[in-house]
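Worksheet: one structure, shown below.
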Amino acid sequence: MNKVQIEITIPHLFRCPISLDLLEDPVTLSTGQTYDRSSIEKWLGAGNLTCPVTMQKLHDPSIVPNHTLKHLIDQWLQLGHQFHPGNSATIDYLASLKHTLQSHDSTLENKVQALDKIRVLSYEYCSFKKSCFTQLSFLPLLLELVFGTEYAQPSRNHMEFKEVALSCILKLLPLVSLEPLNMIKDESNFKAFMLLFEKGSISIKISLCNLIESTSEDICYMLGNSHKLVQEIVLICHQNCELSKAAIKALSALCSLQSNKESLVRAGAIDGIITYISGCETKEKNLAPLAMNIIEKLMVLDSAKEALVNNPNGVETLVKMVFKVCNQECSEGAVEVLLIVCDDYRNAREEAIGAGVLTQLLFLLQSQCGTKTKTKARMLLKLLRSKWSEESKQI
């Protein structure tokens, strides 16, 4: 590809805003703007202490190599005439969509339309598009649009905008670095997160629960220690809808940290999960195994055991899950939890026997379940028999 061809087809993103030539050594300022090293060094060397594009004062004049953009440009140059013409158009198209989202002159309707287009593009995964989304910093921008602006009484239109933006964020998460999610740790951003959880639509709440799944450990720790947030998620578990599945996923993510477990129990997680599992009996597609796994993890706490035993349907719900032909994982989890509570609580043993656990265990032992599940089933039968024998002698 000769120089004339390059000048004609250079994507806007690949041009230095100062020289308007192809970026040879792209570097980025603290403002997020990228320039060619030679051009920006001349600008700074002339005594200018502002960003040429934004005219913001540079409190930090350091420059950082932009390796992602350099890789994109190298790929573009190496492919030459083989480089798909649509890729150049894609770069400029994405850049224009970003401009629409950033511009104060864009209407909310225009911004929603831009988000819809971004969502469509994120479905069509390819390494080139992944690089484009990363280089254009779409995830930080979308997160800022959703959580960076807080409204005491958000309008319906603003909520619809945030709903679409959240769906775009979830589509982009597999394509980009998750580091921008750290912005949720900021107090004002977390406040906006909570406001959306309290006042948002079902779709927004599902998206926020799915977002929790993707957060890092330190964010997960912060979210798990918010009693108000955990209570909101637990309340969702009591609802018989698609939203409750998202809530179970969020609780599972929060429960992965030992430090969050007590917080989950205090917020009523055991009751919420029992309600969810009870409602799963009539549904083919459910997250009962995941819900059971959360209960297993919480059983390290005495408070969780007490919450389970004190729940009017707790033990009975577990007994019903013991023999699940189509779900061995759920059966094993139920037997494991029953082993724990039946060992510690006499009333749990009595409730389990009254609910038909012995019959369920015998059916399970005659089934094609795994060796591990059968071993635990025998252990539970042995425990119930020995405890019953001890208690009979005391009488």
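With the UniProt record's numbering, letter number 376 in the sequence shown gets 376, and the count goes up by one each step, no holes. Just so you know, even glycine gets a beta-carbon here, dropped at the ideal spot from N, CA and C.
E217 versus N260, C369, D92, residue with shortest Cα-Cα distance: Taking the sequence shown and counting its residues from 1, the one referred to as residue 217 is at position 217. Closest by C-alpha distance to E217, out of N260, C369, D92, is N260.
L383 and C342 closer than 8 Å at C-beta: Counted from its first residue, the sequence shown places residue 383 at position 383. Counted from its first residue, the sequence shown places residue 342 at position 342. In this structure, L383 sits near C342, with a CB-CB distance shorter than 8 Å.
6 Å Cβ shell around L94 - same chain, five flanking residues per side excluded: To locate residue 94, count along the sequence shown from 1; it is residue 94. These residues qualify, in order along the chain: C132, L136.
Under the three-state DSSP convention, the category L257 falls into: Numbered from its first residue, the sequence shown carries residue 257 at position 257. In the structure shown, L257 sits in coil (DSSP, three-state: anything other than H, G, I, E or B).
Segment limits, beta strand (DSSP E) that includes D36: Your numbering for residue 36 matches position 36 in the sequence shown. Residues 34-36.
For P289, the residue or residues it bridges with in DSSP: On the sequence shown, residue 289 is found 289 positions in, with the first residue counted as 1. Residue pairing by DSSP places P289 opposite no residue, since no beta bridge is assigned to it.
Which of helix, strand or coil DSSP assigns to P11: For the purposes of this step, residue 11 is taken as residue 11 along the sequence shown, with counting starting at 1. In the structure shown, P11 adopts coil according to DSSP, grouped into three states.
Beta-carbon gap between L211 and L172 smaller than 8 Å: Along the sequence shown, read from residue 1 onward, the residue named residue 211 stands at position 211. Along the sequence shown, read from residue 1 onward, the residue named residue 172 stands at position 172. No, Cβ-Cβ distance for L211 and L172 is not below 8 Å.
Between the CA atoms of T149 and S207 - distance to the nearest angstrom: The count along the sequence shown starts at 1 and reaches residue 207 at position 207. The count along the sequence shown starts at 1 and reaches residue 149 at position 149. In a straight line, the C-alpha of S207 is about 18 Å away from that of T149.
Backbone secondary structure at L142 - three-state DSSP: Translated into the one-based positions of the sequence shown, residue 142 becomes position 142. Of the three classes helix, strand and coil, the one that applies to L142 here is helix, per DSSP.
Proximal residues to V4 (C-beta, below 6 Å), its chain only, five neighbours per side dropped: To locate residue 4, count along the sequence shown from 1; it is residue 4. Confidence in V4 is poor, its pLDDT being 35 and thus under 50, which makes the residue's placement too unreliable to answer from.
Buried/exposed call for L20, threshold 16 Cβ in 10 Å: One-based indexing of the sequence shown puts residue 20 at position 20. Per the 10 Å Cβ criterion, exposed.
Presumed contact (8 Å Cβ cut-off) between R37 and V27, rounded CB distance: If you number the sequence shown from 1, residue 37 lands on position 37. If you number the sequence shown from 1, residue 27 lands on position 27. Between V27 and R37 the Cβ distance is about 5 Å, and since that is below 8 Å, they are a contact.
Per-residue DSSP class, three states only, for T28: For the purposes of this step, residue 28 is taken as the residue at position 28 of the sequence shown. Secondary structure at T28: strand, using DSSP grouped into helix, strand and coil.
Beta-carbon proximity check, I277 vs T317, cutoff 8 Å: The residue labelled residue 277 in the question sits at position 277 within the sequence shown. The residue labelled residue 317 in the question sits at position 317 within the sequence shown. Yes, the pair counts as a contact, with Cβ atoms nearer than the cut-off.
As assigned by DSSP and simplified to three states, the class of K324: The residue you call residue 324 lines up with position 324 of the sequence shown. In the three-state reduction of the DSSP assignment, K324 falls in the coil class.
Under the three-state DSSP convention, the category V53 falls into: The count along the sequence shown starts at 1 and reaches residue 53 at position 53. The DSSP-derived three-state label of V53 is coil.
E332 versus M379, V234, D302, residue with shortest Cα-Cα distance: As a working note, residue 332 is residue 332 in the sequence shown. From the listed residues M379, V234, D302, the smallest Cα separation to E332 is found for M379.
As assigned by DSSP and simplified to three states, the class of P65: Working through the sequence shown from its first residue, we reach residue 65 at position 65. The answer is strand: DSSP assigns P65 an E or B state.
Buried versus exposed, by CB contacts within 10 Å (16 or more), L77: Indexing the sequence shown from 1 puts residue 77 at position 77. It counts as exposed.
Run of the alpha helix (DSSP H) containing D116, from where it starts to where it stops: What you label residue 116 is simply residue 116 of the sequence shown in a count that begins at 1. For D116, the enclosing alpha helix (DSSP H) stretches over residues 108-123.
Delimiting residues of the alpha helix (DSSP H) encompassing Y221: Along the sequence shown, one-based indexing puts residue 221 at 221. It spans 217-224 - the alpha helix (DSSP H) in which Y221 sits, taken as one unbroken run.
Contacting residues, own chain, Cβ-Cβ under 6 Å from V357 (five flanking each side not counted): As a first step, residue 357 must be located in the sequence shown, where it is residue number 357. Only V319 meet the Cβ criterion.
Given D74 as reference, the closest of V234, N313, S30, E24 once Cα atoms are compared: As a position in the sequence shown, residue 74 is number 74, starting the count at 1. Of the candidates V234, N313, S30, E24, E24 places its Cα closest to the Cα of D74.
Of the residues E262, L29, I236, the one placed nearest A250, counting alpha carbons only: Mapped onto the sequence shown, residue 250 falls at position 250. Taking the Cα of A250 as reference, the smallest distance to any Cα among E262, L29, I236 is reached at I236.
Own chain partners of E163 with C-beta closer than 8 Å, once the 5 adjacent residues on each side are dropped: Within the sequence shown, the letter at position 163 stands for residue 163. So the list reads G200, S201, S203, I204, S207, once near-sequence residues are dropped.
Proximity of I248 and A307 at Cβ, strictly below 8 Å: Counting from 1 along the sequence shown, the entry for residue 248 is found at position 248. Counting from 1 along the sequence shown, the entry for residue 307 is found at position 307. No, they are not a contact pair.
Alpha-carbon to alpha-carbon, C241 and M299: Reading the sequence shown from its first residue, position 299 is the one you call residue 299. Reading the sequence shown from its first residue, position 241 is the one you call residue 241. Take the alpha-carbon of M299 and the one of C241: they are about 26 Å apart.
Integer Cβ distance of V337 from T373, believed to fall under 8 Å: Reading the sequence shown from its first residue, position 337 is the one you call residue 337. Reading the sequence shown from its first residue, position 373 is the one you call residue 373. Contact between V337 and T373 fails: their C-beta atoms lie close to 13 Å from each other, not under 8 Å.
Beta carbon of L97 nearer than 8 Å to that of K117: Within the sequence shown, numbered from 1, the residue matching residue 97 stands at position 97. Within the sequence shown, numbered from 1, the residue matching residue 117 stands at position 117. Yes, these two residues count as a Cβ contact at 8 Å.
Closest by C-alpha distance to I18, when choosing among I294, C51, L362: Locating residue 18 in the sequence shown gives position 18, counting from the first residue. Of the candidates I294, C51, L362, the one whose C-alpha sits nearest the C-alpha of I18 is C51.
Unbroken stretches of the alpha helix (DSSP H), 4 residues or longer, contained in the stretch 229-255: Fully enclosed alpha helix (DSSP H) runs of 4 or longer: 242-255.
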